[in-house]
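Reading the sequence shown from the start, the letters are residues 202 to 254 in the working numbering.
The beta carbon of each residue, even a glycine, is placed where N, CA and C say it ideally should be.
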Amino acid sequence: DSGGCTRRPNVHAELSDAPFRPGQTFTDRANGVRISVLDKDDDGNYRVRVTRP
């Protein structure tokens, strides 16, 4: 069962199931929000940058 179709608040369905990697970016064109994956450490933690208008 994939959470990619969730309708829960504060969950962007397109991102909940997407395996983004360092160097990749998602842009929500409707809202102008950009999420960039900057780094992943050896423990599997990600560092991301969220840019909004």
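In chain order, R235 place their CB closer than 6 Å to the CB of T252, counting only its own chain and leaving out the 5 sequence neighbours on each side. R250 sits away from D240, with the two beta carbons spaced by 8 Å or more.
Partner residues in the beta bridge of F227, as assigned by DSSP, are I236. Boundaries of the beta strand (DSSP E) around R250: 247-252.
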